[in-house]
Every structure is written in C-alpha cells, then in structure tokens.
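Numbering (the working numbering), first residue to last: 4 to 530. Below: one structure, written as structure tokens.
This is the structure in structure tokens:
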C-alpha cells in the first residue's frame with residue numbers, strides 16, 4: 004500500500020508541476036491590462052467571500068421581518084449556515100482543483116455563488132427555511148473559490164516581491180469586502196428591498212465568472228484513464244463524507260440548541276453522531292485512506308497549538324461581529340445603514356494591520372505575532388463588553404472596531420507561516436487550507452456557543468435590559484475564548500523558545516524542484 008501511495012503522490016505532484024508550468028508559460032505573454040484583470044478577478048474571491056458573510060449582518064432584522072423570523076437562535080443561522088459550508092468544504096474543493104484544474108473550479112465557484120444568491124433572494128416569496136437552505140448552499144461557492152484562487156496566484160508568480168504584493172492584496176481585501184458588503188446590503192435593504200442584496204450579488208458573481216473565463220489562462224491537469232473507483236480514491240470521497248457530515252452535525256447541534264433547547268432529543272443525538280463520525284474520519288484518514296484530505300501523520304504539536312489559537316480567536320471574532328450589530332440596532336436603536344457605516348474604520352485598520360504584520364514577519368517569530376493577534380481579539384471584545392449603552396460611538400465602541408481587525412490580519416499570516424514551517428513541503432497546500440477551514444468553521448460554531456449562553460442569561464429576552472444581559476453574556480464568552488487563545492499562544496512560544504528561527508529554504512537544484520516548490524506553496528503564502 005505504501006508503494007501505491009507513493010506512486011499516487013508522485014502522479015499528483017507531476018500534475019501540479021505540469022499545471023504550474025502551463026499557467027506560467029501563458030501569463031508570461033500577459034499585457035499589463037490583462038494582468039490587471041487577472042489579479043482583480045482572482046482577488047474578488049476573497050472580497051466576495053467576506054461580502055457574502057456580511058450581507059446578512061447589518062440588515063439582519065430587516066431580513067428577519069421579511070421572513071417572519073424574530074427568534075435570535077434562528078436569526079443566527081442566517082450567518083452560521085454560510086460560514087458552516089465555507090469552512091467544511093474548502094479542503095475537498097482544494098483537492099478538486101488539484102485534480103480538475105484551478106480555473107475550472109474557480110469559474111464553477113462564482114457560477115454556484117450566483118445561483119444560490121439568486122435563490123436566497125427569491126426565498127422572500129417562500130419562508131426562512133428556504134433562505135437558510137440557500138445561504139448554506141451559497142457558502143459552497145466561496146469554498147470552491149478560496150483555495151483555487153490562491154492556487155492560481157501561486158502558480159502564476161515566482162517567489163519574490165511581486166508575489167508577496169499580490170498575496171498581500173488578496174489578504175487585505177478581507178475587511179474591505181466585509182465592510183462594502185455590509186454597507187450595500189444595508190443600503191439596498193433600507194432604500195429598496197432586501198432581496199436586491201442577493202440579486203445584485205448574483206449578477207456580480209455571474210459577471211465575475213464570465214470575466215474569469217476570458218482572463219484566466221486555460222489549463223487541464225486532470226489525469227487520464229481513471230476509473231470511477233480511482234476517482235473516488237483520488238478525491239478521498241469516503242473521508243470527505245465522514246469529515247463533512249461530522250462537522251455539519253456538530254454545528255447543527257450547537258446552533259439549534261439555543262432554538263430548541265439541549266433537552267430536545269434530536270439536538271444531543273446529532274451532537275453524539277457528529278462526534279462519532281469525526282472520530283471515524285480521523286481513524287480513516289490515519290489508517291485507511293490512500294490519499295487523505297488531511298495527512299494527520301504529518302501534523303505535529305505545533306500545528307495543534309496554532310490551530311487551537313485560530314479556533315479560539317476567530318470564534319471570538321464571530322461572536323463579536325454578530326453581537327456588535329445586534330447592539331447597534333436592538334439596544335441603541337440605529338438603522339442598519341448607520342450600523343454598517345460605523346464599521347467602516349475596521350477596513351482602514353485592517354489594511355494598516357496587514358502592512359504592519361508584513362513588516363513584523365521579518366522582525367519577529369510568528370509565535371509573537373500570534374500572541375499579539377490573540378490580544379487584539381481579546382481586548383476588542385473586552386472594550387465592546389463594557390461599552391455603556393448611551394455612550395458616544397467615538398469612545399469605547401470605536402476603539403473596539405479599530406482594535407479587532409488587528410486580531411484578524413495578524414493571526415492569519417502568522418498561522419500560515421507556522422504551519423508552513425511545521426509540515427513537510429508536500430503538505431503545504433493542506434496546511435493553508437486547514438487554517439482557512441478553522442477560521443470559517445470557528446465563526447459558525449462560535450455563534451452556536453454564544454447563542455446557548457445568550458438564551459440562558461437573557462430571561463427570555465422580553466425587555467431591552469434582558470436582551471442586553473444576553474449580549475453581554477455572549478461577549479464574556481468571546482473574552483474567555485480570546486483568553487484561551489492567549490494561553491495557547493504563550494504555551495506555543497515557551498515550547499518553541501529554543502528552536503532556531505532560521506526559515507531559509509535550500510536553493511532548488513533544478514527547474515522541476517523550483518516549480519514544485521512554488522506549486523506546493525500556492526495555498527500557504529498569504530502575506
């Protein structure tokens with residue numbers, strides 16, 4: 004079995020090398036205008052992923068009123084369902100890109116995004132069940148886009164300043180996408196009709212799919228002569244089914260608990276079944292799968308610490324961003340457009356944080372940057388949790404909005420670098436995809452945790468004071484998660500204190516090794 008696995012790995016590597024050479028040979032003839040459109044379209048994957056997340060944040064209660072939903076537990080699903088599928092399918096669709104071509108998966112991703120954005124808008128004529136279903140399937144689009152967009156950029160550019168600048172642009176568009184998406188969603192919901200938020204998103208995603216068809220170089224790296232059984236093995240369909248189903252069931256249990264209560268039988272049954280499926284996934288990947296989605300044998304203790312930090316930090320961020328808008332609109336009585344405008348400083352702060360982080364990466368160990376990121380998540384939540392209701396926005400609330408993006412834009416590059424150093428070169432793509440998976444899944448599961456806390460401390464949420472108690476309780480949970488992230492990052496720093504910080508790579512000996520190095524770092528370079 005080991006010889007067969009080695010041959011499969013070599014075959015997969017050869018396809019990646021061939022694909023990288025094919026893209027590189029075509030883009031060398033790009034004009035400046037062609038290159039501009041290529042980079043712009045590919046970077047829109049990041050922008051639209053975050054815009055899709057924020058599309059329901061500011062106008063959440065407007066959408067809820069349109070769908071006759073007021074239960075906070077159900078409202079949180081409008082956000083959590085999207086993040087759930089983004090987080091759980093990234094690894095699988097990254098594997099599909101390696102097999103069928105990054106360009107094909109990228110175009111399919113935007114087309115799928117457009118289709119289910121259209122359905123989400125049409126659900127106004129149905130009910131909230133269809134809307135949540137559409138939002139959940141909508142998240143598959145970004146799950147296709149994200150890993151394959153990184154692969155396209157990594158395959159196009161050789162290591163150097165230009166490549167770092169392009170990846171910095173890709174990462175820096177995250178807060179901008181969230182802010183712009185929230186503002187347009189609020190504007191359309193306030194001034195027109197909330198379904199237009201999703202119909203406009205569908206039109207734009209379809210436009211990007213068409214534009215991508217013309218500006219992204221064509222490559223075809225699918226292996227020939229594979230039987231259906233071979234294809235299932237290449238995609239690790241059994242492992243993907245176990246892992247995805249387990250993650251989905253666990254997430255559903257935590258997000259339904261605030262709605263139905265933990266005493267409801269199906270809630271804890273789903274949690275138990277999901278946990279068993281995840282245990283089966285780990286066993287299958289470690290002992291049976293020939294092409295595992297996650298090579299657990301290659302992951303060390305450093306990886307566990309970093310992923311733990313990311314899970315804590317981004318779960319706290321998901322809680323913060325959701326309850327920040329609830330605080331603005333429900334407690335302070337602001338409309339959705341004013342609420343969205345008040346998070347604009349986050350986009351500016353995020354760009355500054357991305358630039359500073361890029362500079363600090365050459366000065367400090369990534370563990371220190373991860374510690375600063377966890378401090379950013381925690382301090383941002385502390386400031387928000389103690390902000391008085393009637394205090395001016397420009398005091399504590401503004402500070403919280405400015406501080407929180409530093410946690411976001413410092414943690415992601417630090418995590419990708421640490422995981423890149425911690426795993427063998429042939430697992431670089433998996434390392435970065437793991438980080439992205441943890442980020443998106445943690446946002447979703449964090450909302451489930453927070454919803455459970457909220458329903459247990461808000462006395463039914465019948466008065467403004469009770470609602471505020473629920474929001475504060477959720478914020479205290481976010482603070483606790485951030486503090487746990489700080490503890491994990493400190494432990495990681497102490498554990499790695501004696502290790503050398505020399506991350507220099509050996510010089511490639513020939514062209515094949517150089518292209519292989521660039522290809523395998525495709526998903527992992529984000530700074």
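The beta carbon of each residue, even a glycine, is placed where N, CA and C say it ideally should be. Model, not experiment: these values are computed from the prediction.
task = Could I get the ranges of all uninterrupted alpha helix (DSSP H) runs contained in the segment 250-275, with 4 residues as the minimum, in chain order?
result = none
ask   = When the distance is taken between beta carbons, is residue 307 closer than 8 Å to residue 384?
value = no
ask   = Any idea if residue 68 is buried or exposed, counting beta-carbon neighbours within 10 angstroms, 16 or more meaning buried?
value = exposed
request  = State the DSSP-derived secondary structure class of residue 318, mapped to helix, strand or coil.
outcome  = helix
ask   = Rounded to a whole number of angstroms, what is the C-alpha to C-alpha distance between residue 122 and residue 61?
value = 20 Å
Rounded separation between residue 219 and residue 106 - CA only = Looking at the backbone, the Cα of residue 219 and that of residue 106 are separated by about 7 Å.
request  = From the DSSP output, in three-state form, read off residue 465 for me.
outcome  = coil
ask   = When you compare only the Cα positions, how much space is there between residue 203 and residue 75?
value = 26 Å
task = Pull up the CB-CB distance for residue 296 and residue 98, whole angstroms please, since I reckon it's below 8 Å.
result = 6 Å
ask   = Going by C-alpha distance, which of 96, 444, 216 and 471 is nearest residue 457?
value = 471
inquiry  = With a threshold of 6 Å on Cβ separation, who are the neighbours of residue 189 within its own chain once the five nearest residues in sequence on each side are excluded?
reply    = 61, 62, 339, 340 and 343
message = Whether or not the segment 370-384 and the segment 404-422 are in contact is what I'm after, with contact meaning three or more pairs of Cβ atoms, one per stretch, closer than 8 Å; do they touch?
response = yes
First and last residue of the uninterrupted alpha helix (DSSP H) at residue 109 = 105-125
query = Where do the N-terminal and C-terminal ends of the alpha helix (DSSP H) with residue 392 fall, by residue?
reply = First-last for residue 392: undefined, no H or E at that position.
request  = Figure out for me which residue from 268, 454 and 300 has the closest Cα to the Cα of residue 318.
outcome  = 454
message = Does residue 518 come out as helix, strand or coil in the three-state DSSP assignment?
response = Because the pLDDT of residue 518 is 43, which lies under 50, any placement of that residue in the model is unreliable, and the question is left without a value.
message = I believe residue 215 touches residue 109 by the beta-carbon criterion, under 8 Å. Please report the beta-carbon distance rounded to the nearest angstrom.
response = 6 Å
key: DSSP state of residue 443 mapped onto helix, strand, coil   = helix
request  = Find the nearest neighbour of residue 495 within the set 34, 46, 38 and 313, judged by alpha-carbon distance.
outcome  = 313
ask   = Do the segment 169-181 and the segment 350-357 touch if we need at least three Cβ pairs shorter than 8 Å?
value = yes
request  = Taking 8 Å as the cut-off, decide whether the C-beta atoms of residue 100 and residue 145 are in contact.
outcome  = no
inquiry  = Going by C-alpha to C-alpha distance, which of 174, 87, 103 and 161 sits closest to residue 135?
reply    = 87
key: Any 3 or more C-beta pairs closer than 8 Å across the segment 251-261 and the segment 269-283   = Taking one beta carbon from each stretch, the segment 251-261 and the segment 269-283 have 3 or more pairs nearer than 8 Å; the two touch.
ask   = Given a threshold of 16 other Cβ atoms within 10 Å of its Cβ, counted over all protein chains shown, does residue 443 qualify as buried or as exposed?
value = buried
task = Within 10 angstroms of the Cβ of residue 326, are there 16 or more other Cβ atoms? Answer buried if so, exposed if not.
result = If you draw a 10 Å sphere on the C-beta of residue 326, you find 16 or more other C-beta atoms in it, and that means buried.
request  = Assign residue 336 to one of three DSSP states: helix, strand, or coil.
outcome  = Note: residue 336 maps to coil in three-state DSSP.
task = Mind listing, in chain order, the continuous alpha helix (DSSP H) runs of no fewer than 4 residues lying wholly within the segment 21-81?
result = 35-57 and 63-69
query = Hey, how far is the Cα of residue 552 from the Cα of residue 247?
reply = What is shown of the chain runs 4 to 530, which leaves residue 552 out entirely.
inquiry  = Taking the alpha carbon of residue 103 as the reference point, which residue from 299, 238 and 334 has its own alpha carbon closest?
reply    = 238
task = Identify whether residue 294 lies in helix, strand or coil by the three-state DSSP scheme.
result = coil
Whole-angstrom distance between residue 422 and residue 506, CA atom to CA atom = Residue placement at residue 506 is flagged as unreliable, the pLDDT there being 45, under the threshold of 50; the coordinate-derived value follows with that caveat. Roughly 12 Å between the two C-alpha positions.
ask   = Looking at the unbroken alpha helix (DSSP H) that takes in residue 131, where does it start and where does it end?
value = First-last of the alpha helix (DSSP H) with residue 131: 131-141.
task = Measure the Cβ-Cβ separation of residue 320 and residue 407 and say whether it is below 8 Å.
result = Cβ atoms of residue 320 and residue 407: closer than 8 Å.
task = Could you check the C-alpha separation between residue 329 and residue 161 for me, to the nearest Å?
result = 45 Å
ask   = In three-state terms, what does DSSP make of residue 197?
value = Coil.
Environment of residue 392 [buried if 16+ CB atoms lie within 10 Å] = exposed
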